[in-house]
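The listed protein sequences correspond, in order, to chains A and B.
Its first residue numbered 21, the first sequence is counted upward by one per residue in the numbering used here.
Its first residue numbered 1461, the second sequence is counted upward by one per residue in the numbering used here.
Every residue, glycine too, gets a C-beta built ideally from N, C-alpha and C.
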Amino acid sequence: MLNDLKDIAREYSEKQSMQDAPGTAHLNKYIFLFAFLAAFTILCRVIIGDFPFNAFLGALFCSVGCLTLTVSLKIQLNKSESSEFKFKPSRILADFFIVSVLLIFISISFLG
Amino acid sequence: MHRFILVTLALLAVAVCSAPYLNQKVLCVTEDEFTLKEYLAEFDKYDITVSLPEDVSDLYSYSHVLLLANDADSFGSYSVEDFVKFFDKGGNLMIAGGEETSDFIFDLANELGVQMSTSIISSPNYFAGNFDDDDMPEKTWVVAQPEDVFAFPVGLTDTVQLPFLHYGSGFFVEDNRINLVIPPEGSIDVEEEDEVDSLMVAFQGRNSARLVLIGSQKVLTDNIYNAEVRETATDMNKMRPWAGNSNKYYTVQITKWLLHEVGVVQMNGKPVYDERVYIVGEEMDYTVNMRTWNDAKNEWEPICLSDMQLSIRMVDPFIRKTMTCKGGAHNLVTKLPDRYGVFTMEVDYEHVGLTNVRHTDEVVIRSLPHTHFMRFIKVAYPYYAVVIACMIAVICVFCLTLGHLQTEKKKKVE
Chain A
21 MLNDLKDIAR EYSEKQSMQD APGTAHLNKY IFLFAFLAAF TILCRVIIGD
71 FPFNAFLGAL FCSVGCLTLT VSLKIQLNKS ESSEFKFKPS RILADFFIVS
121 VLLIFISISF LG
Chain B
1461 MHRFILVTLA LLAVAVCSAP YLNQKVLCVT EDEFTLKEYL AEFDKYDITV
1511 SLPEDVSDLY SYSHVLLLAN DADSFGSYSV EDFVKFFDKG GNLMIAGGEE
1561 TSDFIFDLAN ELGVQMSTSI ISSPNYFAGN FDDDDMPEKT WVVAQPEDVF
1611 AFPVGLTDTV QLPFLHYGSG FFVEDNRINL VIPPEGSIDV EEEDEVDSLM
1661 VAFQGRNSAR LVLIGSQKVL TDNIYNAEVR ETATDMNKMR PWAGNSNKYY
1711 TVQITKWLLH EVGVVQMNGK PVYDERVYIV GEEMDYTVNM RTWNDAKNEW
1761 EPICLSDMQL SIRMVDPFIR KTMTCKGGAH NLVTKLPDRY GVFTMEVDYE
1811 HVGLTNVRHT DEVVIRSLPH THFMRFIKVA YPYYAVVIAC MIAVICVFCL
1861 TLGHLQTEKK KKVE
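In structure tokens:
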């Protein structure tokens, strides 16, 4: 049963990486990292409790927001030739950077 | 809320015995002052004016009035409302009932919240007395046992040991009228055949004016003071010995309470606390000094009241705590309520037999300024670490993606 699941996961990831544009394979690691940070934040909240609730929210939104931004970066870079918005890759990357700076700035301010 | 009647007479008078905020003038309204000689002699330090009921004049210049004329229909030119007004203004009043209580006295007692019985009280207990009084044939007077006499006021050190001899009206008391002498079982109003609640009533108003109602003037007379009673029995061998009574001792103590000699407490100066604007969660240190009038020494001395409370309230009390006391200084250290607003700190002391003490202070509590919030909370360090990790990861993503895109471009060009 477990072997079947492993096979399915392996095949799926291979197919996905085949479809990826060449320069975006490394982004998968960071997506997993942000997902792990979000889970870690929730785990901390369960252990510590509700005391600095703004700190919990700040960390959660930061990690989940960065996750979303990285995913959107990957999608945009992959589909840059087939979508109707013909953006240059550098433009996409610049968007990602500016928005993530804004997100982190707001999140730090919310941490208190 | 005390009325401080600072009278220059107090400076000129010989010995001030009642509390200094009242003048020493006592008006005794009676038709038979000769029988009250021993009673009035106890209070010779006061400026006592004895007058007949119809000669009552200048009522409001007195601090204390003893109405010992139960069958008088009119008291000078004053009406029942005038006497009630006298009491409202802070004057102390003693009212005596008796055999033929006039409507005036009856209405006056009613206005002040005590209902008198319409006729005198008798009881089925058999007592014999060794005094002569044509108005008091046997079985028209009542003997209350010492344990039924309330040890009042607070300054009364010895409880009453001897029975109390009562002649006259009884009273039906409501809740907050203090029942001083409980009648023996089966004491009834002779005409109406109602069992009464009390033979002597005391009451203190919100302005600390004191009121005492006694059965009749005869309770205070020399004749009764010196009388002896004993309980009779059918068997001559079982007769109890003659015993004196506690009338003199008790009525003098009650009158001392009435004249504000005992049981007077007052705030000594203003309460001491840091008068500034407070922030939510700060500590408040509130001190009240209390003093009591010592008529033997003729001066104020500090007193510790074990049940004095401070309440901090905004409509409802948020905090209400008992203050600790040391040498007259009552102190409370407490954390202010966790809410911003304008609060009232109130001392509202009402103890049976002591004068009422009321004082309010206002305190403003502000919410936490934005610079006073906690920063870098140790518990929240994991969250800070998460955000810093995200920051570093974003920079890595950016740099790496940029690098990869550059290599892609170079590859394409080639």
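For the segment 1846-1857 of chain B, which residues have a CB atom closer than 8 Å to at least one CB atom of chain A, in sequence order? Val1846, Val1847, Ala1849, Cys1850, Met1851, Ala1853, Val1854, Cys1856, Val1857
For Ser127 (chain A), which residues in chain B fall below 7 Å Cβ to Cβ? Locating residue 127 (chain A) in the first sequence gives position 107, counting from the first residue. Near Ser127 (chain A) (Cβ distances below 7 Å), the residues of chain B are Val1847.
Please tell me whether Leu1500 (chain B) and Val1510 (chain B) are closer than 9 Å, where the distance is taken between their beta carbons. Position 40 of the second sequence, counted from the first residue, corresponds to residue 1500 (chain B). Position 50 of the second sequence, counted from the first residue, corresponds to residue 1510 (chain B). For Leu1500 (chain B) and Val1510 (chain B), yes; Cβs fall inside 9 Å.
Are the CB atoms of Gln1726 (chain B) and Leu1496 (chain B) within a distance shorter than 9 Å? Within the second sequence, residue 1496 (chain B) is the residue found at index 36, counting from 1. Within the second sequence, residue 1726 (chain B) is the residue found at index 266, counting from 1. No, they are not a contact pair.
Between the alpha carbons of Glu1651 (chain B) and Asp1821 (chain B), how many angstroms are there, rounded? The residue you call residue 1651 (chain B) lines up with position 191 of the second sequence. The residue you call residue 1821 (chain B) lines up with position 361 of the second sequence. If you take the alpha carbons of Glu1651 (chain B) and Asp1821 (chain B), they lie about 54 Å apart.
Since Cys1859 (chain B) and Ser83 (chain A) should fall inside the 8 Å C-beta cutoff, what is the C-beta to C-beta distance between them, to a whole number of angstroms? Along the second sequence, read from residue 1 onward, the residue named residue 1859 (chain B) stands at position 399. Along the first sequence, read from residue 1 onward, the residue named residue 83 (chain A) stands at position 63. 20 Å between Cβ atoms; not a contact.
Proximity test, Cβ basis, 9 Å: Thr1831 (chain B) and chain A: Counted from its first residue, the second sequence places residue 1831 (chain B) at position 371. It does not; no Cβ of chain A falls within 9 Å.
Anything in chain A within Cβ reach of Val1839 (chain B), meaning under 9 Å, just list it in chain order. Taking the first residue of the second sequence as 1, we reach residue 1839 (chain B) at position 379. By Cβ distance, chain A contributes Ile68, Gly69, Phe71, Pro72, Ala75.
Where the beta strand (DSSP E) containing Leu1640 (chain B) begins and where it ends: Position 180 of the second sequence holds residue 1640 (chain B). Segment 1638-1641, the beta strand (DSSP E) holding Leu1640 (chain B).
Between Glu1874 (chain B) and chain A, is any beta-carbon pair separated by less than 9 Å? Mapped onto the second sequence, residue 1874 (chain B) falls at position 414. For Glu1874 (chain B), the answer is no, since every Cβ of chain A falls outside 9 Å of its Cβ.
Measure from the C-beta of Leu1828 (chain B) to each C-beta in chain A and report whether the shortest distance is under 9 Å. Here the question's residue 1828 (chain B) lines up with position 368 in the second sequence. So, not an interface residue.
Rounded to the nearest angstrom, how far is the Cβ of Lys94 (chain A) from that of Leu47 (chain A), given a contact under 8 Å? Sequence index remark: in the first sequence, residue 94 (chain A) carries index 74 (1-based). Sequence index remark: in the first sequence, residue 47 (chain A) carries index 27 (1-based). Yes, they are in contact, since the Cβ atoms of Lys94 (chain A) and Leu47 (chain A) sit about 5 Å apart, within 8 Å.
If we define contact as Cβ-Cβ less than 9 Å, is Arg1835 (chain B) a contact residue for chain A? The sequence position of residue 1835 (chain B) within the second sequence is 375, counting from 1. Output row for Arg1835 (chain B): interface = yes.
CA-CA distance, Ala1475 (chain B) and Asn1758 (chain B)? Along the second sequence, one-based indexing puts residue 1475 (chain B) at 15. Along the second sequence, one-based indexing puts residue 1758 (chain B) at 298. Interpretation of Ala1475 (chain B) is limited by its pLDDT of 45, a score under 50 that renders its predicted location unreliable; the figure taken from the coordinates is listed afterwards. Each residue's Cα considered, the two are about 8 Å apart.
Within 9 Å of any Cβ in chain A, is that where the Cβ of Ile1465 (chain B) sits? The sequence position of residue 1465 (chain B) within the second sequence is 5, counting from 1. The predicted model places Ile1465 (chain B) with a pLDDT of 47, which falls under 50 and marks its position as unreliable; any figure quoted below should be read in that light. No, because no Cβ of chain A sits closer than 9 Å to the Cβ of Ile1465 (chain B).
Looking at the structure shown, is Tyr1738 (chain B) part of a helix, part of a strand, or coil, going by DSSP? Stepping through the second sequence from its first residue, residue 1738 (chain B) is reached at position 278. Of the three classes helix, strand and coil, the one that applies to Tyr1738 (chain B) here is strand, per DSSP.
By the 10 Å Cβ neighbour count, where 16 or more other Cβ atoms means buried, how is Gly69 (chain A) classified, buried or exposed? Translated into the one-based positions of the first sequence, residue 69 (chain A) becomes position 49. Gly69 (chain A) should be labelled exposed.
Under the three-state reduction of DSSP, which class applies to Val1474 (chain B): helix, strand or coil? Taking the second sequence and counting its residues from 1, one reaches residue 1474 (chain B) at position 14. With a pLDDT of 41 at Val1474 (chain B), under the threshold of 50, the modelled position of that residue is not reliable, and no figure is offered here.
In chain B, what lies closer than 7 Å to Ser83 (chain A) by C-beta? The residue labelled residue 83 (chain A) in the question sits at position 63 within the first sequence. Going along chain B in sequence order, the residues near Ser83 (chain A) (Cβ under 7 Å) are Val1846, Cys1850.
Whether or not the segment 1657-1675 of chain B and the segment 1708-1720 of chain B are in contact is what I'm after, with contact meaning three or more pairs of Cβ atoms, one per stretch, closer than 8 Å; do they touch? yes
Identify, in the order they occur along the chain, each residue of the same chain with its Cβ nearer than 6 Å to the Cβ of Asp1507 (chain B), setting aside the five sequence neighbours on each side. Counting from 1 along the second sequence, the entry for residue 1507 (chain B) is found at position 47. If we look at Asp1507 (chain B) and ignore the five residues flanking it on each side, its Cβ neighbours are Gln1484, Lys1485.
With a threshold of 7 Å on Cβ separation, who are the neighbours of Arg65 (chain A) within its own chain once the five nearest residues in sequence on each side are excluded? As a first step, residue 65 (chain A) is located in the first sequence; it is residue number 45 there, counting from the start. Correct list, in chain order: Phe76.
Flag Ile28 (chain A) as yes if its beta-carbon sits less than 9 Å from any beta-carbon of chain B, otherwise no. For the purposes of this step, residue 28 (chain A) is taken as the residue at position 8 of the first sequence. No, its Cβ sits nowhere closer than 9 Å to a Cβ of chain B.
Distance, Cα to Cα, Val1748 (chain B) vs Asp1767 (chain B)? Position 288 of the second sequence, counted from the first residue, corresponds to residue 1748 (chain B). Position 307 of the second sequence, counted from the first residue, corresponds to residue 1767 (chain B). Taking the straight line from one Cα to the other gives about 13 Å.
Look at the alpha carbon of Glu1762 (chain B) and the alpha carbon of Tyr1627 (chain B), and state the distance between them as a whole number of angstroms. One-based indexing of the second sequence puts residue 1762 (chain B) at position 302. One-based indexing of the second sequence puts residue 1627 (chain B) at position 167. Residue 1762 (chain B) is actually Pro in this sequence, not Glu. Cα-Cα distance, rounded: 40 Å.
Whose CA, out of B:Lys1505, B:Phe1503, B:Val1525, lies closest to the CA of Pro1513 (chain B)? Working through the second sequence from its first residue, we reach residue 1513 (chain B) at position 53. Closest by alpha carbon: B:Val1525.
Cβ neighbour criterion (16 or more within 10 Å) applied to Leu1472 (chain B): The sequence position of residue 1472 (chain B) within the second sequence is 12, counting from 1. Because Leu1472 (chain B) carries a pLDDT of 40, less than 50, the predicted location of this residue cannot be relied on, and no value is offered for it.
Could you give the DSSP three-state label for Trp1702 (chain B): helix, strand or coil? Position 242 of the second sequence, counted from the first residue, corresponds to residue 1702 (chain B). Here Trp1702 (chain B) sits in coil by DSSP.
Is it buried or exposed for Val1793 (chain B), if we count other Cβ within 10 angstroms and need 16 for buried? Locating residue 1793 (chain B) in the second sequence gives position 333, counting from the first residue. Result: exposed.
What separation, rounded to the nearest whole angstrom, lies between the Cα atoms of Phe1778 (chain B) and Ile1772 (chain B)? Here residue 1778 (chain B) refers to the residue found at position 318 when the second sequence is read from its first residue. Here residue 1772 (chain B) refers to the residue found at position 312 when the second sequence is read from its first residue. Each residue's alpha carbon lies about 6 Å from the other.
Are the C-beta of Val121 (chain A) and some C-beta of chain B separated by less than 9 Å? Within the first sequence, residue 121 (chain A) is the residue found at index 101, counting from 1. Yes, Val121 (chain A) counts as interfacial toward chain B.
For Gly1589 (chain B), name the three-state secondary structure that DSSP assigns. Here residue 1589 (chain B) refers to the residue found at position 129 of the second sequence. Three-state result, Gly1589 (chain B): strand.
Is Glu1761 (chain B) close to chain A, meaning its C-beta is less than 9 Å from at least one C-beta of that chain? For the purposes of this step, residue 1761 (chain B) is taken as the residue at position 301 of the second sequence. False, the Cβ-Cβ gap to chain A never drops below 9 Å.
Sort out for me which residues DSSP pairs Tyr1627 (chain B) with in a bridge. Looking up residue 1627 (chain B) in the second sequence gives position 167. According to DSSP, Tyr1627 (chain B) bridges with B:Trp1601.
Counting only C-beta atoms, is Glu1743 (chain B) closer than 9 Å to chain A at any point? Residue 1743 (chain B) sits at position 283 when you count from the first residue of the second sequence. No, its Cβ sits nowhere closer than 9 Å to a Cβ of chain A.
Quick one: is Phe1803 (chain B) buried, meaning 16 or more other Cβ sit within 10 Å of its Cβ, or exposed? Taking the second sequence and counting its residues from 1, one reaches residue 1803 (chain B) at position 343. Phe1803 (chain B) is buried by the Cβ-count criterion.
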